[in-house]
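K.L.:
These protein sequence lines are chains A and B, in that order. Numbered as in the numbering used here, the first sequence ends at 832 without a single skipped number. Numbered as in the numbering used here, the second sequence ends at 339 without a single skipped number. This is the structure I have questions about; it appears just below.
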Amino acid sequence: MGKIGLIIQREFMSRVRTRTYMVMCLLGPILFAALLVVPAFVAGMPKAPRKIIVVDGAMRSDKCYPAVNHAVVFKDSLNFDFDLRYLGEDHEVIEKRYRDSADCSVLFILPNFMGACDTLEGSSPGLKAELYSKDEPGAVTLAYLERQLTNVYRQAIYETDSVPMDVIEKAKKEATVSNVVKGKVSKSEVKMMVGFGFGILIYMYILLFGNQVMRSVVEEKSTRIVEVIVSSVRPFQLMMGKIIGTALAGILQFLIWMLVSFALVTVLSSAINDKRTDYSELMKAKMNTAIPIQDEGGSKMLDSFVTDETQNAMETILSIPWGNMLLAFVLYFLLGYLMYAAMFAAVGSAVDSEADTQQFSLPVTIPLIITISMASAMMLDPNGSLAKWMSQIPFSSPVAMLIRIPYGGVSTMELISSLLILALSFLGVTYLAAKIYRVGILMNGKKGSWKELGKWMFYKD
Amino acid sequence: MLVGLLTFVSAMANLISVKNVSKRFSTHTALDQVSLDIPEGSIFGLLGPNGAGKTTLIRIINQITGPDSGQVLFEDRLLERQHVEQIGYLPEERGLYKKMRVGEQALYLAQLKGLSKQEAKRRLHEWFERFEMGGWWKKKVEELSKGMQQKVQFIVTVLHEPRLLILDEPFSGFDPINAQLIKDELLRLRKNGATIMLSTHNMGSVEELCDNIALIDKSQKILDGSVAEIKRSHFTGTYDLSFKGTLIGFTNAMWTGGELVESKEENGRCHVRVRLRDNVTPNHLLQAVIPHVEVYAFTEVLPTMNDIFIATVQRKEVGTVLGTQSHFTE
């Protein structure tokens, strides 16, 4: 085994053997699985429905109102428990009664709610209601109530103008845009999740292992063993051995994570799916009691909707060019990691202790942070100029390209040029980093500055 | 006959020749046209005040850094990468991986120097036995005392039986017993043919161990040669005399032939150190004083390496330095 092989082996073993590494191998997937499963689990958990007393102030006076069936509009659901007892009370009375005491919210539909009936422009002060609560009801509740009130208004005016029921039903339909890319239905959300997931993964790995390389360099420098080692091997060999050994430990950990995560997700999600079925049964039961007439169609519609969604999502997942995706992941991870790790090694060599690494490591990390913070902008327009540029600039391309690939539309030329630029930058950055490293590791008691680091690049061997 | 001649020639050959080596860093010159020769099979002392450029020179010989100009020859051939396996280096600032086990670490460092794993293991067990370190193999370095770590590091330095050993302050951190152990090992290694380059501020060990030295100051070599020759060449005509009689009697008798550097009276005996004038021989002195005092000891005083170091670095006469510290009151 060559000397660089020895170094790789030592770096690999010294990482793999630590307790933290082993614990992380097991804990990582649990966290990972938790990240995927817990939100779904929590969202599916039953919770006490919000109790809302509906007080319709418009009921008393307005004559264009009788058609509205409050029981249908404000029907109980998993999230809401409506109480329609106080129809037609006065604003002041309600306010007084519920301002402080009620343990539930009160929706007060203002008396002139239907004022908007008279004018098409809707400029009159109608369509207003107030919600009194002791705690913040949240945006979802407000949006739901607004939607329902809008329905109340629509029903009322349809009724006033004697629009036939079937016309109303027809008018309720909403338009949808199916996203068909290259002949296949595509769900952007799924692509977004896949792209962002891989982008984040690369980002995390580069930071995590880059930092490990940096710490290891600082350790060798501060224990002074580095001088003994560079009397046997070239500093460049030591640096590359360290970077590669750390990468191998990282890749091994990644594989373990993937395996254990897969097992965990499979076990957990099957357990959760069982429970989910219980809830949907419960929900159907509840709906049945509320509106018995609509039962058949409604629940069928729900079922077919769920199946369609899942099928589309599955189709989208399958439509992602996984071969390219994984190949790109490996290539971008390796090249990106190698380039950043070299910079981290240079940073480690410039300081005497780990505490001093901050001032240099931040500028190294900033390009990555910027890329991640621009991820959502890139996902809004995956083939726009921002995304295109970010996926060519070597400091951001490992993350940016991974975000773009699931959406398709990345041309082979783009991919090749991006990888080529990254590979060349990796060589260039490593060359310069090695120059800093070789001087830095032997420079004790002298705190490097950026100016100093610049000088080190031009020292003769 | 021929074998004998060849042995003689090879004994005289230089293992390392440094030729006009200069090294500049951005703000200062670390080495300025330094040349020196290290004869094979000798112990060579590299001396000099702090910051003189010793470590830079050592790093150049170790190929950790390269010279700006000049060259280093290993057995008359230009120093190359493959030579690192024939060099063992113990830096002044020592360190090992703290979390790594002693045995593994020693194996790793030995393999980096080109030893096979089996061979390194075999030799390590030998050394561990000799240094009574049998139980250390599985210990982590951080569990060892500083002295123990130094021992491990020394073994790692010599394990691959390098032809050239470069030791920077090898005795620092050792108690006298372990320091002696290391000294004995160095002498044994030299006997077995190793060449040793010793950088130290401990002039006692230079006198004890070194055959040749070079003194570097402010990036330039200001003195080199064999220890014996250097001491001889720095001889200042100084002698120690012990006699029965009065000091006044002695100085009167010596008159202008010499200068009294130091004196001490003890139990009716006088001990004096005198420096003779250029044209005065020891015989002249003795002839002059014997009629007046009863001489029972007379020795020539060669300057110590300590004296020579201080005098040379301060650009003074050795004689002026000789007088600065008492030799009789220790």
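Glycine residues also receive a C-beta, built at the ideal position from the N, C-alpha and C atoms.
Going by DSSP in three states, A:F880 sits in which element: helix, strand or coil?
P.N.:
For chain A, the structure presents residues 372 to 832; residue 880 of chain A sits outside this window and is missing.
K.L.:
Nearest-angstrom Cα distance between B:G112 and A:R390?
P.N.:
The count along the second sequence starts at 1 and reaches residue 112 of chain B at position 103. The count along the first sequence starts at 1 and reaches residue 390 of chain A at position 19. When rounded, the distance between both Cα atoms is 20 Å.
K.L.:
According to DSSP, is B:S242 part of a helix, a strand, or is it coil?
P.N.:
Locating residue 242 of chain B in the second sequence gives position 233, counting from the first residue. If DSSP states are grouped into helix, strand and coil, B:S242 belongs with the helices.
K.L.:
Would you report the Cα separation of B:P9 and B:T313, rounded to the nearest angstrom?
P.N.:
Limits of chain B in this structure are 10 at one end and 339 at the other, which puts residue 9 of chain B out of reach.
K.L.:
Please classify B:V236 as buried or exposed, where buried requires at least 16 neighbouring CB atoms within 10 angstroms.
P.N.:
Looking up residue 236 of chain B in the second sequence gives position 227. Buried is the call here.
K.L.:
Mind checking if B:Y305 is an interface residue toward chain A, Cβ cutoff 9 Å exclusive?
P.N.:
Numbered from its first residue, the second sequence carries residue 305 of chain B at position 296. No, no contact with chain A.
K.L.:
Per DSSP, which residues does B:H280 bridge with? Please list them.
P.N.:
For the purposes of this step, residue 280 of chain B is taken as residue 271 along the second sequence, with counting starting at 1. Partner residues in the beta bridge of B:H280, as assigned by DSSP, are B:S251 and B:K273.
K.L.:
Around the Cβ of A:S756, are there at least 16 other Cβ atoms within 10 angstroms (buried) or fewer (exposed)?
P.N.:
For the purposes of this step, residue 756 of chain A is identified with residue 385 of the first sequence, where counting begins at 1. That one is exposed.
K.L.:
So, does the stretch 64-74 of chain B touch the stretch 240-253 of chain B, judging by three or more C-beta pairs under 8 Å?
P.N.:
Here the stretch 64-74 of chain B does not lie against the stretch 240-253 of chain B, with fewer than 3 beta-carbon pairs under 8 Å apart.
K.L.:
Just to check my reading of the structure: A:K330 and A:S720 have Cβ atoms closer than 8 Å, yes? What is that Cβ distance to the nearest angstrom?
P.N.:
Chain A is shown only over 372 to 832; residue 330 of chain A falls outside these bounds and no answer can be derived.
K.L.:
Taking Cβ to Cβ, would you say B:V165 is nearer than 9 Å to A:V601?
P.N.:
Position 156 of the second sequence, counting from 1, holds the residue named residue 165 of chain B. Position 230 of the first sequence, counting from 1, holds the residue named residue 601 of chain A. No, these two residues do not count as a Cβ contact at 9 Å.
K.L.:
Taking only three categories from DSSP, how would you classify A:C488?
P.N.:
By 1-based counting over the first sequence, the position of residue 488 of chain A is 117. Residue confidence for A:C488 is low, a pLDDT of 49 falling below 50, so the modelled location carries little weight; the figure read from the coordinates is stated next. Note: A:C488 maps to helix in three-state DSSP.
K.L.:
Return no unless some Cβ of chain A is closer than 9 Å to the Cβ of B:N71.
P.N.:
Translated into positions along the second sequence, residue 71 of chain B becomes position 62. With 9 Å as the cut-off, B:N71 counts as an interface residue toward chain A.
K.L.:
Quick one: measure Cβ to Cβ for B:L116 and B:L133, integer angstroms, because I've assumed they're closer than 8 Å.
P.N.:
Translated into positions along the second sequence, residue 116 of chain B becomes position 107. Translated into positions along the second sequence, residue 133 of chain B becomes position 124. That pair is a contact at about 7 Å.
K.L.:
Give every residue of the same chain whose Cβ lies closer than 6 Å to the Cβ of A:I539, excluding the five residues on either side of it in the sequence, and list them in chain order.
P.N.:
Indexing the first sequence from 1 puts residue 539 of chain A at position 168. Around A:I539: Y529.
K.L.:
Against chain B, with Cβ distances strictly below 9 Å, would A:I615 count as a contact?
P.N.:
Your numbering for residue 615 of chain A matches position 244 in the first sequence. Answer no: the Cβ-Cβ gap between A:I615 and chain B never drops below 9 Å.
K.L.:
B:K155: buried (16+ other C-beta within 10 angstroms of its C-beta) or exposed?
P.N.:
Position 146 of the second sequence holds residue 155 of chain B. Answer is exposed; the Cβ neighbour count stays below 16.
K.L.:
Give, in chain order, every residue of the stretch 586-602 of chain A whose Cβ lies closer than 7 Å to some Cβ of chain C.
P.N.:
Of the chains in the structure shown, none is chain C; the protein chains are A and B.
K.L.:
Where do the ends of the beta strand (DSSP E) carrying A:K422 lie?
P.N.:
On the first sequence, position 51 is the one that residue 422 of chain A refers to. Residues R421 to D427.
K.L.:
With the cut-off set at 9 Å, would you say B:S208 and B:L45 are in Cβ contact?
P.N.:
In the second sequence, counting from the first residue as 1, residue 208 of chain B sits at position 199. In the second sequence, counting from the first residue as 1, residue 45 of chain B sits at position 36. Taking a C-beta distance under 9 Å as the contact criterion, B:S208 and B:L45 do not qualify as a contact pair.
K.L.:
For the ligand SAH, I want to know if B:M314 counts as a neighbour, meaning its beta carbon is within less than 8 Å of at least one of the ligand's heavy atoms.
P.N.:
In terms of ligand content, the structure shown is empty, and the ligand SAH therefore cannot be addressed.
K.L.:
What are the residues that DSSP puts in a beta bridge with B:Y98?
P.N.:
Within the second sequence, numbered from 1, the residue matching residue 98 of chain B stands at position 89. BP columns for B:Y98 point to B:I175.
K.L.:
Against chain B, does A:L813 count as a neighbour if the rule is that its beta carbon must be under 9 Å from one of theirs?
P.N.:
Indexing the first sequence from 1 puts residue 813 of chain A at position 442. Interface residue, yes.
K.L.:
Would you verify that the beta carbon of B:E309 is, or is not, closer than 9 Å to some beta carbon of chain A?
P.N.:
Counting from one through the second sequence, the residue named residue 309 of chain B turns up at place 300. Taking Cβ atoms only, chain A never reaches closer than 9 Å to B:E309, which makes this a no.
K.L.:
Using 9 Å as the limit for Cβ to Cβ distance, is A:S385 near chain B?
P.N.:
Taking the first residue of the first sequence as position 1, residue 385 of chain A is located at position 14. Interface residue, yes.
K.L.:
Taking 9 Å as the CB-CB limit, is B:L40 close to chain A?
P.N.:
Locating residue 40 of chain B in the second sequence gives position 31, where the first residue counts as 1. With 9 Å as the cut-off, B:L40 does not count as an interface residue toward chain A.
K.L.:
Evaluate the contact criterion for the stretch 238-251 of chain B versus the stretch 34-53 of chain B: three or more CB pairs, one atom per stretch, below 8 Å.
P.N.:
no
K.L.:
Report the rounded CA-to-CA distance for B:N59 versus B:T321, giving the unit in angstroms.
P.N.:
Looking up residue 59 of chain B in the second sequence gives position 50. Looking up residue 321 of chain B in the second sequence gives position 312. Cα-Cα distance, rounded: 15 Å.
K.L.:
Using the three-state DSSP reduction, which class does A:F479 fall into: helix, strand or coil?
P.N.:
Here the question's residue 479 of chain A lines up with position 108 in the first sequence. A:F479: strand per DSSP, three-state reduction.
K.L.:
Give me the chain A residues within the contact set of B:L105, using Cβ-Cβ distance strictly less than 8 Å, ordered along the chain.
P.N.:
Looking up residue 105 of chain B in the second sequence gives position 96. Under the 8 Å cutoff, chain A gives T594 and I596.
K.L.:
Does the stretch 732-751 of chain A come close enough to the stretch 606-616 of chain A to have 3 or more Cβ pairs within less than 8 Å?
P.N.:
With the cut-off at 8 Å, the stretch 732-751 of chain A and the stretch 606-616 of chain A do not touch.
K.L.:
Would you say A:T742 reaches chain B, if we count a Cβ-Cβ gap shorter than 9 Å as a contact?
P.N.:
The sequence position of residue 742 of chain A within the first sequence is 371, counting from 1. Answer no: the Cβ-Cβ gap between A:T742 and chain B never drops below 9 Å.
K.L.:
For the stretch 709-720 of chain A and the stretch 796-804 of chain A, state whether three or more C-beta atom pairs, one from each stretch, are separated by less than 8 Å.
P.N.:
yes
K.L.:
Could you check what DSSP says for A:P606 in three-state terms: helix, strand or coil?
P.N.:
Locating residue 606 of chain A in the first sequence gives position 235, where the first residue counts as 1. Judged by DSSP in its simplified three-state form, A:P606 adopts helix.
K.L.:
What residues from chain B crowd round A:L626, counting only those whose CB sits closer than 8 Å?
P.N.:
On the first sequence, position 255 is the one that residue 626 of chain A refers to. The contacting residues do not exist; A:L626 stays about 25 Å from chain B at best.
K.L.:
Can you tell me which of A:Y808, A:A442, A:L630 and A:T547 puts its alpha carbon nearest to the alpha carbon of A:Y396?
P.N.:
Here residue 396 of chain A corresponds to residue number 25 of the first sequence, with the count starting at 1. According to the sequence provided, residue 396 of chain A is Cys. The question's Tyr does not apply to it. It is A:L630 whose Cα lies nearest to the Cα of A:C396.
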